[in-house]
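What follows is a set of notes on a single structure, which appears directly below.
Protein chains: 2
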Amino acid sequence: MLALYLRTPTLCTQEPSLYVSKSPCIAYDRLVLSEVRINATSIRDWPRHPHRGLLVDTSRHFVTVGGLLRILDAMSYSKLNVLHWHIVDDQSFPYYSERFPNLSDMGAYHWSAVYRPGDVQRVVHAARDRGIRVLPEFDVPGHTRSWGVAYPSLLTKCYVGNSMNGLGPMDPTNRQVYDMLKDLFAELRQVFPEKYFHVGGDEVDLSCWASNPQIEDYMLKNNISSTNQLHALFMNTTIPLLSAGTIPVVWQEVFDERVPLPNGTLVQVWISNSRDYLRNVLSSGHRVVYSTCWYLDHLKSGGDWGDFYACDPREVLRDSSLENDIIGGEACMWGEVVDDTNLATRVWPRAAAVAERLWSAAGGAAAAARHRLEEHACRLRRRGIPAQPPNGPGFCLV
Amino acid sequence: MLALYLRTPTLCTQEPSLYVSKSPCIAYDRLVLSEVRINATSIRDWPRHPHRGLLVDTSRHFVTVGGLLRILDAMSYSKLNVLHWHIVDDQSFPYYSERFPNLSDMGAYHWSAVYRPGDVQRVVHAARDRGIRVLPEFDVPGHTRSWGVAYPSLLTKCYVGNSMNGLGPMDPTNRQVYDMLKDLFAELRQVFPEKYFHVGGDEVDLSCWASNPQIEDYMLKNNISSTNQLHALFMNTTIPLLSAGTIPVVWQEVFDERVPLPNGTLVQVWISNSRDYLRNVLSSGHRVVYSTCWYLDHLKSGGDWGDFYACDPREVLRDSSLENDIIGGEACMWGEVVDDTNLATRVWPRAAAVAERLWSAAGGAAAAARHRLEEHACRLRRRGIPAQPPNGPGFCLV
Numbered sequence: 001m002l003a004l005y006l007r008t009p010t011l012c013t014q015e016p017s018l019y020v021s022k023s024p025c026i027a028y029d030r031l032v033l034s035e036v037r038i039n040a041t042s043i044r045d046w047p048r049h050p051h052r053g054l055l056v057d058t059s060r061h062f063v064t065v066g067g068l069l070r071i072l073d074a075m076s077y078s079k080l081n082v083l084h085w086h087i088v089d090d091q092s093f094p095y096y097s098e099r100f101p102n103l104s105d106m107g108a109y110h111w112s113a114v115y116r117p118g119d120v121q122r123v124v125h126a127a128r129d130r131g132i133r134v135l136p137e138f139d140v141p142g143h144t145r146s147w148g149v150a151y152p153s154l155l156t157k158c159y160v161g162n163s164m165n166g167l168g169p170m171d172p173t174n175r176q177v178y179d180m181l182k183d184l185f186a187e188l189r190q191v192f193p194e195k196y197f198h199v200g201g202d203e204v205d206l207s208c209w210a211s212n213p214q215i216e217d218y219m220l221k222n223n224i225s226s227t228n229q230l231h232a233l234f235m236n237t238t239i240p241l242l243s244a245g246t247i248p249v250v251w252q253e254v255f256d257e258r259v260p261l262p263n264g265t266l267v268q269v270w271i272s273n274s275r276d277y278l279r280n281v282l283s284s285g286h287r288v289v290y291s292t293c294w295y296l297d298h299l300k301s302g303g304d305w306g307d308f309y310a311c312d313p314r315e316v317l318r319d320s321s322l323e324n325d326i327i328g329g330e331a332c333m334w335g336e337v338v339d340d341t342n343l344a345t346r347v348w349p350r351a352a353a354v355a356e357r358l359w360s361a362a363g364g365a366a367a368a369a370r371h372r373l374e375e376h377a378c379r380l381r382r383r384g385i386p387a388q389p390p391n392g393p394g395f396c397l398v
Numbered sequence: 001m002l003a004l005y006l007r008t009p010t011l012c013t014q015e016p017s018l019y020v021s022k023s024p025c026i027a028y029d030r031l032v033l034s035e036v037r038i039n040a041t042s043i044r045d046w047p048r049h050p051h052r053g054l055l056v057d058t059s060r061h062f063v064t065v066g067g068l069l070r071i072l073d074a075m076s077y078s079k080l081n082v083l084h085w086h087i088v089d090d091q092s093f094p095y096y097s098e099r100f101p102n103l104s105d106m107g108a109y110h111w112s113a114v115y116r117p118g119d120v121q122r123v124v125h126a127a128r129d130r131g132i133r134v135l136p137e138f139d140v141p142g143h144t145r146s147w148g149v150a151y152p153s154l155l156t157k158c159y160v161g162n163s164m165n166g167l168g169p170m171d172p173t174n175r176q177v178y179d180m181l182k183d184l185f186a187e188l189r190q191v192f193p194e195k196y197f198h199v200g201g202d203e204v205d206l207s208c209w210a211s212n213p214q215i216e217d218y219m220l221k222n223n224i225s226s227t228n229q230l231h232a233l234f235m236n237t238t239i240p241l242l243s244a245g246t247i248p249v250v251w252q253e254v255f256d257e258r259v260p261l262p263n264g265t266l267v268q269v270w271i272s273n274s275r276d277y278l279r280n281v282l283s284s285g286h287r288v289v290y291s292t293c294w295y296l297d298h299l300k301s302g303g304d305w306g307d308f309y310a311c312d313p314r315e316v317l318r319d320s321s322l323e324n325d326i327i328g329g330e331a332c333m334w335g336e337v338v339d340d341t342n343l344a345t346r347v348w349p350r351a352a353a354v355a356e357r358l359w360s361a362a363g364g365a366a367a368a369a370r371h372r373l374e375e376h377a378c379r380l381r382r383r384g385i386p387a388q389p390p391n392g393p394g395f396c397l398v
């Protein structure tokens, strides 16, 4: 058995896991908050998947550092261990870069809606103290409109006929784009201690590239026959810019467009749910982080955690030789209609259903999970997390 | 013009409306919080519908008095003037009755989840001070399981074949039911100053009545040929038990089952949305409170206020001789998955879209309403109401 130490109301092991360098702390207040007092105990428990994540989007709406710390608390209470910080996107650029301060000076919603270096450190350190890794995402080349507020030349001019019609994805033919990304990545390597780095690569508006006469010329000259190939070229140029020792994480489109990906790359699957697709990614030597069925922004009257719980990517695969390369999954809280007011209530306890699916053995009756989730929602509330009622009528004594 | 007085940040008129006995106070911080300072002004504005309500269900989940007061604040900021307090239901009986204390002693979730007389008075007085009426609902004969915890004999024994299978709606053949309701109504008349009283009448499990041998006997002896008639008999016996001067409010089923209703009865329409149905209710001499399209418990990914805003019962009717008898509507926040944690965020600003539909002239472009709602959500947040983002990405400076 592992050596244990007890810190009310969490129980931590001394031994770090292979995947997480920090010792995992597990909420165990049933032991310490119950009437029974325990002198010593031994617990055998381990996670089925090493990557148990929650994506939080801080671009569509800004989330305060306090809001993020509350999310981290609840993640640790729910045995989630990766905060996927989708920090910037089209709508705003709230990350303050020391190297490129104009990005947030001009691209954030407001000067008060910016993560300064101290803010990022608070989040990173709070996560570390809870056994949670912070996986930063700077999504390129799409979802980058906010970068263009300060640096419009980074983005592609889209055309309708002969007239310009706004800015699209980053311009894959512009050398400055790659120079900037290289410098930014170097900075981010210092700021985020995580060896994984998410470069996005999803939902690129290829039609904008196709509409631009200069890009058309470039494609002709370089014998590039499709804009998909251009996307592949972009990712293929960008990924090597990551600092040494960094392992890339990409959305599935990057794999779909046949970009040669370095060994160990994590492919985040968010569209596909078929056995064939997963086999295809895994047999190409990549590992999968699964999110297709765990989008927390999809709402259903009366609740939907049962759908989240029923979804099991390793069961979809049903192929023992590959299934361990599905290293886990992430519940995704896209921020279009979520900010500090409703973030915590919308995430909790729904993400805890995903957390149990990722931690526990396959199967597990939903009826029993229902009771656990009811209890867990109330436990979260007692600890200050405003978890919404998961199961219909009831009462939680806070 | 009406005489005005100004109390930051609300503007109140001295003249009570015909329908609301309190002077309406209207949020007008655009005048008083803006850079422009105003010495005197004159405003012409009036509501299209006199009954602009929000139903809050405190039985499926208990809502604290603090939670209700916050709802009242936001209602006044949004020009809603009726809190329909669906106070008890199957799941719990949180109302403390001086005459029948066992109802909540045994039927509430917990002793701490009970509205004592002082609690009810706080809500009623806070509402009055904000120009809001409190319309209490004690739903009978269905939705009464919690009454049966203390008084099981009030409820009908349901049968499957020859064996009893739990308790159903109130027993319409039991004289004690009516004796108790009479006493309870007398108490409630003192507690709630409102002249309207909602007796429910929805979703009665008629099959339980049909399964009970004693009720079968009763129907035979009294020449009652259907359980619908039995429901009519129940409502027809119950409504006259209301204290003198009380005007009943009923869910539409009571009208549908042809219960003779006293003049002035409000029929709350929640299932039907057809022109013919509304004409039918109105031409029978009743008035309509409309809710069919304004159920806040129905969720839609990305938001749904546009659907609420597009719905206009008087436009459905398109019949000027009757349309004024649609006196208004109510947004309904059923409490199955809502408690203090997520009540305010789920209601606001969605209910404000209903409020504008009920206050303002017919029509109104959704695109313009979109801006007003964004601004209003931010205004609510500045005043301490955690209104969720209504329109997708954005930023509210609190």
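So the sequence lines, in the order shown, correspond to chains A and B.
Okay, so the first sequence: first residue is 1 according to the UniProt record's numbering, each after it adds one.
Okay, so the second sequence: first residue is 1 according to the UniProt record's numbering, each after it adds one.
Every residue gets a Cβ at the ideal spot worked out from N, C-alpha and C, and that includes glycine.
> Quick one: complete beta strand (DSSP E) runs, 3+ long, within the segment 234 to 307 of chain A?
Replying inline: 247 to 251, 266 to 269, 287 to 290
>> Classify A361(B): buried if its beta carbon has 16 or more other beta carbons within 10 angstroms, exposed otherwise.
In response: exposed
> Who are the Cβ neighbours of E194(A) in its own chain at under 8 Å, not counting the five residues just before and after it?
Replying inline: R133, V134, L135, P136
> Leaving out the 5 sequence neighbours to the left and right, which residues in its chain are closer than 6 Å to M1(B) when beta-carbon positions are compared?
Replying inline: Confidence in M1(B) is poor, its pLDDT being 26 and thus under 50, which makes the residue's placement unreliable; the coordinate value appears in the next sentence. Excluding residues within five positions, the ones whose Cβ falls inside 6 Å are S42.
>> Suppose the cutoff is 6 Å on Cβ atoms and the five residues either side in sequence are ignored; what does the same chain contact list for V398(B) look like?
In response: R381, R382
> For L206(B), which residues does DSSP report across the bridge?
Replying inline: Answer by DSSP bridge pairing: none, since L206(B) is not bridged.
> Residues of chain B with CB under 8 Å from residue 422(A), in chain order?
Replying inline: Nothing can be reported for residue 422(A), as the shown portion of chain A is limited to 1 through 398.
>> Taking the alpha-carbon of D139(A) as reference, which of L241(A), R99(A), I87(A) has the nearest alpha-carbon?
In response: I87(A)
>> For Q91(A) and D205(A), what's the separation of their Cα atoms in angstroms?
In response: 16 Å
> Since D339(A) meets chain B, which of its residues come closer than 7 Å, beta carbon to beta carbon?
Replying inline: P389
>> Tell me the residue span of the beta strand (DSSP E) that contains Y159(B).
In response: 155 to 160
> Does the distance from the CB of R70(A) to the CB of A355(A) come in under 7 Å?
Replying inline: no
> What residues from chain B crowd round R60(A), counting only those whose CB sits closer than 9 Å?
Replying inline: P389, G392, P393, G394
> What residue range is occupied by the uninterrupted alpha helix (DSSP H) comprising V120(A)?
Replying inline: 117 to 129
>> Can you confirm whether S301(B), when its beta carbon is compared against all beta carbons of chain A, has any partner nearer than 7 Å?
In response: yes
> Of all the options A331(A), W294(A), T345(A), which has the alpha carbon lying nearest to the alpha carbon of W85(A)?
Replying inline: A331(A)
> From this set, Q268(A), V338(A), G363(A), which residue's C-alpha is nearest D312(A)'s C-alpha?
Replying inline: G363(A)
>> Spatial neighbours of L18(A) within its chain, please: C-beta separation below 6 Å, excluding the five flanking residues on both sides.
In response: Residue placement at L18(A) is poorly supported in this model, since its pLDDT is 37, which falls under 50; the coordinates are not used for a value here.
> Opposite V82(B) in the DSSP bridges: which residues?
Replying inline: G53(B), R133(B)
>> Short of 8 Å Cβ to Cβ, which residues in the segment 96 to 120 of chain B face chain A?
In response: Y109, H110, S112, A113
>> Could you give the first and the last residue of the continuous alpha helix (DSSP H) run that contains S321(A)?
In response: 320 to 323
>> According to DSSP, is Y178(B) part of a helix, a strand, or is it coil?
In response: helix
>> Short of 6 Å in beta carbon distance, which residues of its chain neighbour D202(A), apart from the five on each side in sequence? Order them along the chain.
In response: W251, E253
> Of the residues that make up the segment 346 to 378 of chain A, which ones have a beta carbon closer than 7 Å to any beta carbon in chain B?
Replying inline: none
> Can you tell me whether DSSP reads G142(B) as helix, strand or coil?
Replying inline: coil
> What did DSSP end up calling N222(B) once you bin it into helix, strand or coil?
Replying inline: coil
> L358(A) by DSSP, collapsed to three states: which one?
Replying inline: helix
> Three-state secondary structure (DSSP) at V191(B)?
Replying inline: helix
> If we cut at 7 Å on Cβ distances, does Y19(B) have a partner in chain A?
Replying inline: Since pLDDT at Y19(B) reaches only 42, below the 50 mark, its modelled position is unreliable, and the value read off the structure follows with that caveat. It does not; no Cβ of chain A falls within 7 Å.
> Quick one: any contact between the segment 263 to 272 of chain A and the segment 237 to 250 of chain A, if contact means 3 or more CB pairs under 8 Å?
Replying inline: yes
> Given D183(B), which residues of its chain have a CB within under 6 Å of its CB, disregarding the five upstream and five downstream residues?
Replying inline: R99
>> Once DSSP output is grouped into helix, strand and coil, what is the label at I43(B)?
In response: coil
> Taking Cβ-Cβ distances shorter than 8 Å, what residues in chain A pair up with R381(B)?
Replying inline: T341
> When the cut-off is 7 Å and only beta carbons count, does E336(A) lie next to chain B?
Replying inline: yes
> If you draw a straight line from the alpha carbon of A27(B) to that of D73(B), how long is it in whole angstroms?
Replying inline: For A27(B), the predicted structure reports a pLDDT of 48, less than 50, and the residue's modelled location is therefore unreliable. The matter cannot be settled from this model.
>> Given this structure, state the Cα-to-Cα distance separating L233(A) from D57(A), to the nearest angstrom.
In response: 27 Å
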